[in-house]
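Undergrad: Residue numbers (my numbering), protein chains in the order written: chain R, 1 to 625; chain X, 626 to 944.
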Amino acid sequence: METLRELEAAARLGQLSRRDVLKRAAALGASAPVIASLLAACARQEATPTPASAAQTPAAAKPPPAASPTPAAAASPTPAPAAKRGQGGLVKLLWWQAPTILNPHLAQGSKDFNASRLVLEPLADINDKGELVPVLAAEIPSVENGGVRKDAKTVTWKLKKDVKWSDGQPFTSKDVKFTYEYVIDEKTTATTIANYTVIESIETPDDFTVVIRFKDPNPAWMNVFVGPYGRILPQHILKDYVGEKARTAPFNLNPIGTGPYKVKEFKPGDVVVYEMNENYRELDKPYFAQVEFKGGGDATTAARAVLQTGEVDYAWNLQVEAQVLDQLEKAGVGVVEVIEGVNVERILVNMTDPRKEVDGERSKLGVPHPWQSDLRVRQAYALACQRDVIANTLYGRAGKATSNILVAPERFVSKNTSWKLDLDAAAKLLDEAGWTKGPDGVRQKDGVRMEVVYQTTINPVRQKTQEIIKSAFEKLGIKVELKSIEASVFFSSDPGNPDTAAHFYTDLEMFTNGPSSTYPIDYMVSWYGKPDNIAQKANNWSGNNYERWQNEEYDKLYEQALVELDPKKQEELFIKMNDLVVNNVVVIPLVHRNSVSGRKKDLTGLELSRWTDETWNIANWRRSS
Amino acid sequence: MTQYLIRRILISIPTLVAISIVIFTILALAPGDPLSELAMNPAVPPEVRQRIRQSMGLDDPIPVRYVKWASSMLRGDFGYSFRSKSPVSDLIRQRLPTTLYVIGTAYLVSVLIAIPVGVLSAVRQYSIFDNIATTLAFIGFSLPTFVTGILFILVFSVKLGWLPMIYRTTIEVEGLAGLWMKIKQALMPIAVLGLFETAALTRYTRAAMLETIHQDYVRTARAKGLSERVVIMRHAMRNALIPVVTIVALSIPGIFTGAVITEQIFRVPGMGSLLISAIRDNDTPVIMAITIIFSTLVVLFNLIADILYGVLDPRIKYE
């Protein structure tokens, strides 16, 4: 494995291009995360050209540990040697949605995951580059350190030995195994269960080793016990609360964890006050003695509180109109933090007929849409979407125009697609398809008028987007009826409600979505065409494929990606899947959304990551003087 | 009197049952789902969400759900919140003190200001005092709380920087400094609500007072040679207060359920914000508990207002 180390060192020094690294790493049979980290090493090199000598010292003098993603941890700001834990006093965070439960496995929204991260930790977390950073694990498993078997059916995690729960009990591999047993019990009704159903069994040969056996080769092994859905629970506290009793556990509101903080006071729907965990393993951290995590209100006043009055130190998800945000930032109290996100705002195109009811359901699989089943019509739609105007005027710093549905991680992003606005070409395509303008200017064919219903949730930015699209479509002679639905209804899983995104009883619908894992297989399932994955009456609309698009080639690629271990081939598969969806205009991607938050100027040490909770490295947050 | 009370209480039972059935049915028929926030998260696939939905009993027939809820309600059990999995009674216990403090103070202040101002401006009708008072009342009555709330924040928090815009229940500073912080943060919500309530109540008091001071018995009292003070306080005001008492009594349940908009603007964690977030999350047990408490209080204070009539006006007798 010496060669792989050399390769990484070379990549770090920028002696090899990304393509070269990929080629050589693949030849060496490196696993996905290893390659990811290698590429990241290139990226770092390419992004910040530091003098070779400076970069050389750490890389050459001390060969990096085999668990190569660690450099990310080292890159995080290390506190001054004299740092004393708790010297920073109180830090105030403001979320405009309030946490209601602190057990992440029963969480019902990102705020709950964010708030519980201060207390409960996963084995590893994921930084913004998509690299694994060890948290409770001593090192990241990889093929070369023997952690990941060649067939990716067995993964072995080595745990840190000096970790204690905040009540003083030691943390061991038993807790990891217990977490699996807790989550996998259907009666627990864990929201995170889907990540764990791939596991065959978990063994704990000793207190600090966890061996996970998967049912099938699993290139997405890093979805398990990692990131927001992978928090480890204490067996000694929760062992009597598995299954139906899970909801009655006092732990849900007052968790005992291994993280830098413990809960001092929690008022669901209002505020969490945390105090330092005296048993935290890093003696000089955390910097802040107390954290106040306040929830409620709205995004605009939250932006005001952090950018203008400075009442809080950090404010989450500032979905505020671009101009307002710029103006508030001018007050000079706070700074707007923008990181690229994983989500794409998109329009879904229904392949089935939402008007015809067959066997008690509309938009039924096998009943093709009268015009949207024609590729030329769908291409015309895509040509009529002015994505840059939508991105620049409505999203500002919060988004940019895109032509892809998969925009992260970097290695899976397709460079083969593009978008343009061309109404003439669009009109030509519609004419070719036989949809010609009638006397009232609306296109029709065989007595069928091209009148589309376009639905989305109630949200000012979405309504403005709808208007922009509508005016372009109407120029083409497509009549558009706009519909907006309350988000909690639109996204509900109520089989009896026809207005949900999954029923898709309209021609077009718009929302945001993106991968939750760096191996985004659970996101690409959205276009897998097997009937039980199609949202329909037979499965109470619990399928992932809303467009009811079926494509044999895509299905094959997806099935292969489920078990593909070769990183190079993985890339090809995902890029091909993206291109198929985009080129067939099953989805019209509009805006690649960024995540926008605000911090007071003197708050430092944040390492926001698109893959995990903002609070994941709160132990490193500091106040600069 | 006792008989009257018993009869009224017995009538209120079917009223409350009817209210609960109506509200429960509306909530059950309303679309939406407590898990919708995770809908677009690939890590939580639709079948997982559907199973959790079923485990909450949301797919059972409405009558079955109602009977389940009503039977545990009768045992004094409000059930568990869908969201936080904690007993609803705990959530209410956490919110009630804040609401009573903020909203209650606002009501108290408004009653203390509105009644004397209303009486005085009626007695000195068309004086400068009356003109100013009616103009202010008119302004206060016309401005909705979300306008005054944001206006206050802009002036006192953003421009002047005197008052905090975020209400915190977690202030731990000891002594006078801490007390001052607690008062300071409540000033704006109290002022916003107080302004609105005072305005409304002043207008009622003034109107009621104007009606009574032109009555024959007031003229008679003056003719008897009673002092102006006694005429106003004993003869006019006591009669004028009957409608005012009704309004004050009927608005007391509002102190317990909070002020939704004002609480939302200032992030006051009271009953109003609990209710609105429960509605947004489709957290049926919490919504039901708050609405039932509210309806019970409304029924109760209606009764109290009726009894107070008898105290204020001896002519009213209950059989």
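Quick reminder that beta carbons are idealized off the backbone N, C-alpha and C, glycines included.
So is the beta-carbon of X:Val923 under 7 Å away from any non-hydrogen atom of the ligand NAP?
TA: The ligand NAP is not part of the structure shown, which contains no ligands of any sort.
Undergrad: Taking only runs of the beta strand (DSSP E) that begin and end inside the region 70-153 of chain R, which ones reach a length of at least 3 residues, in chain order?
TA: 90-95, 124-126, 132-134
Undergrad: So with CB distances below 8 Å, who are the chain R contacts of X:Glu672?
TA: Within the second sequence, numbered from 1, the residue matching residue 672 of chain X stands at position 47. The answer, in chain order, is Asn539, Ser542.
Undergrad: Apply the 10 Å Cβ neighbour rule to X:Ile651 and answer buried if 16 or more other Cβ atoms are within range, or exposed otherwise.
TA: By one-based count along the second sequence, residue 651 of chain X stands at place 26. Exposed, by the Cβ-count rule.
Undergrad: So for R:Met510, helix, strand or coil by DSSP?
TA: Here residue 510 of chain R refers to the residue found at position 510 when the first sequence is read from its first residue. The answer is strand: DSSP assigns R:Met510 an E or B state.
Undergrad: Out of R:Val263, R:Val242, R:Asn218, R:Glu337, which has the shortest C-alpha to C-alpha gap to R:Leu603?
TA: By one-based count along the first sequence, residue 603 of chain R stands at place 603. The candidate whose alpha carbon is nearest that of R:Leu603 is R:Glu337.
Undergrad: Rounded to whole angstroms, what is the Cα-Cα separation between X:Asp685 and X:Ala903?
TA: Locating residue 685 of chain X in the second sequence gives position 60, where the first residue counts as 1. Locating residue 903 of chain X in the second sequence gives position 278, where the first residue counts as 1. Cα to Cα, the separation comes out at about 20 Å.
Undergrad: Show which residues of chain A have a CB atom less than 8 Å away from the CB atom of X:Arg700.
TA: Here chain A cannot be found, since the structure's protein chains are R and X.
Undergrad: Taking Cβ positions, are X:Gly774 and X:Val817 nearer each other than 8 Å?
TA: Residue 774 of chain X sits at position 149 when you count from the first residue of the second sequence. Residue 817 of chain X sits at position 192 when you count from the first residue of the second sequence. Contact flag set, yes.
Undergrad: Quick one: give me the first and last residue of the alpha helix (DSSP H) that X:Ser746 is part of.
TA: Here residue 746 of chain X refers to the residue found at position 121 of the second sequence. That run of the alpha helix (DSSP H) goes 713-748.
Undergrad: For a contact defined as C-beta to C-beta under 8 Å, what are the partners of X:Lys784 on chain R?
TA: For this step, residue 784 of chain X is matched to residue 159 along the second sequence. Result: empty, since nearest Cβ-Cβ is about 10 Å, beyond 8 Å.
Undergrad: I need the DSSP call for R:Thr352, collapsed to helix, strand or coil.
TA: On the first sequence, residue 352 of chain R is found 352 positions in, with the first residue counted as 1. Strand, per DSSP.
Undergrad: Is there at least one Cβ from chain X nearer than 8 Å to R:Val349's Cβ?
TA: Mapped onto the first sequence, residue 349 of chain R falls at position 349. R:Val349 does not count as touching chain X.
Undergrad: For R:Ile212 and R:Val155, which I take to be in contact (beta-carbon distance under 8 Å), what is that distance rounded to the nearest angstrom?
TA: Locating residue 212 of chain R in the first sequence gives position 212, counting from the first residue. Locating residue 155 of chain R in the first sequence gives position 155, counting from the first residue. Contact holds; Cβ gap of about 5 Å.
Undergrad: With a Cβ-Cβ cutoff of 8 Å, do R:Asn277 and R:Glu547 count as a contact?
TA: For this step, residue 277 of chain R is matched to residue 277 along the first sequence. For this step, residue 547 of chain R is matched to residue 547 along the first sequence. For R:Asn277 and R:Glu547, no; Cβs fall outside 8 Å.
Undergrad: Measure the CB-CB distance between R:Lys285 and R:Ala619 and report whether it falls below 8 Å.
TA: Locating residue 285 of chain R in the first sequence gives position 285, counting from the first residue. Locating residue 619 of chain R in the first sequence gives position 619, counting from the first residue. Their beta carbons are under 8 Å apart, which means R:Lys285 touches R:Ala619 by this criterion.
Undergrad: Can you tell me where the alpha helix (DSSP H) with R:Tyr261 in it begins and where it stops?
TA: Working through the first sequence from its first residue, we reach residue 261 of chain R at position 261. Premise fails: R:Tyr261 lies in the beta strand (DSSP E), 261-267, not in any alpha helix (DSSP H).
Undergrad: The beta strand (DSSP E) with R:Phe214 in it runs from where to where?
TA: Start at 1 with the first residue of the first sequence, and residue 214 of chain R comes out as number 214. 209-214 is the extent of the beta strand (DSSP E) around R:Phe214.
Undergrad: Which residues of the region 237-271 of chain R have a Cβ closer than 7 Å to any Cβ of chain X? Give them in chain order.
TA: Arg247, Asn252, Leu253, Glu265, Lys267, Pro268, Gly269, Asp270, Val271
Undergrad: Starting from R:Asp206, follow the alpha helix (DSSP H) in both directions and report where the run begins and ends.
TA: Along the first sequence, one-based indexing puts residue 206 of chain R at 206. Note, R:Asp206: premise wrong, no alpha helix (DSSP H); beta strand (DSSP E) at 199-206.
Undergrad: With H, G and I counted as helix, E and B as strand and the rest as coil, what does DSSP make of X:Asn927?
TA: As a first step, residue 927 of chain X is located in the second sequence; it is residue number 302 there, counting from the start. Helix.
Undergrad: Assuming R:Ile256 contacts R:Trp165 under a Cβ cut-off of 8 Å, what Cβ separation, rounded to an integer in Å, is found between them?
TA: Along the first sequence, read from residue 1 onward, the residue named residue 256 of chain R stands at position 256. Along the first sequence, read from residue 1 onward, the residue named residue 165 of chain R stands at position 165. About 5 Å; that satisfies the 8 Å criterion.
Undergrad: List the DSSP bridge partners of R:Lys483.
TA: For the purposes of this step, residue 483 of chain R is taken as the residue at position 483 of the first sequence. Paired residue(s): R:Gln455.
Undergrad: Beta-carbon within less than 8 Å of X:Gln719's beta-carbon, same chain only, minus the 5 sequence neighbours each way: which residues are those?
TA: As a first step, residue 719 of chain X must be located in the second sequence, where it is residue number 94. The residues are Pro894.
Undergrad: In whole angstroms, what is the alpha-carbon distance linking R:Ala433 and R:Pro567?
TA: The residue given as residue 433 of chain R occupies position 433 in the first sequence. The residue given as residue 567 of chain R occupies position 567 in the first sequence. About 41 Å.
Undergrad: Using DSSP with H/G/I as helix, E/B as strand and the rest coil, what is R:Ala190?
TA: Here residue 190 of chain R refers to the residue found at position 190 of the first sequence. In the structure shown, R:Ala190 sits in coil (DSSP, three-state: anything other than H, G, I, E or B).
Undergrad: For the beta strand (DSSP E) containing R:Val224, name the first residue and the last one.
TA: Counting from one through the first sequence, the residue named residue 224 of chain R turns up at place 224. Premise fails: R:Val224 is in no beta strand (DSSP E) and is neither H nor E.
Undergrad: In this structure, what does DSSP give as the bridge partners for R:Lys400?
TA: Within the first sequence, numbered from 1, the residue matching residue 400 of chain R stands at position 400. Per DSSP, R:His592.
Undergrad: So that I know if they touch, is there some Cβ in chain X lying closer than 8 Å to that of R:Glu614?
TA: Position 614 of the first sequence, counted from the first residue, corresponds to residue 614 of chain R. By this cut-off, R:Glu614 is not an interface position.
Undergrad: For the region 791-803 of chain X against the region 834-853 of chain X, do three or more pairs of beta-carbon atoms, one drawn from each stretch, fall closer than 8 Å, so that the two count as touching?
TA: no
Undergrad: Just the C-alpha distance for R:Thr57 and R:Asn513, rounded to the nearest angstrom, thanks.
TA: Position 57 of the first sequence, counting from 1, holds the residue named residue 57 of chain R. Position 513 of the first sequence, counting from 1, holds the residue named residue 513 of chain R. Low confidence applies here, because R:Thr57 scores a pLDDT of 35, under 50, leaving its location unreliable and the question unanswered by this model.
Undergrad: According to DSSP, is X:Phe919 part of a helix, a strand, or is it coil?
TA: Walking along the second sequence from the start, residue 919 of chain X turns up at place 294. DSSP places X:Phe919 in helix when its eight states are reduced to three.
Undergrad: Using a 10 Å radius around the Cβ and a threshold of 16 neighbouring Cβ atoms, would you call X:Trp787 buried or exposed?
TA: Within the second sequence, the letter at position 162 stands for residue 787 of chain X. Per the 10 Å Cβ criterion, exposed.
Undergrad: Which chain X residues are close to R:Glu292, counting only those with a beta carbon under 7 Å from its beta carbon?
TA: Translated into the one-based positions of the first sequence, residue 292 of chain R becomes position 292. Chain X residues near R:Glu292: Thr795.
Undergrad: Return the first residue and the last residue of the alpha helix (DSSP H) that X:Met806 is part of.
TA: Position 181 of the second sequence, counted from the start, is the residue given in the question as residue 806 of chain X. First-last of the alpha helix (DSSP H) with X:Met806: 800-838.
Undergrad: Do R:Val312 and X:Ile791 have their beta-carbon atoms positioned less than 8 Å apart in this structure?
TA: As a working note, residue 791 of chain X is residue 166 in the second sequence. As a working note, residue 312 of chain R is residue 312 in the first sequence. Their beta carbons are under 8 Å apart, which means X:Ile791 touches R:Val312 by this criterion.
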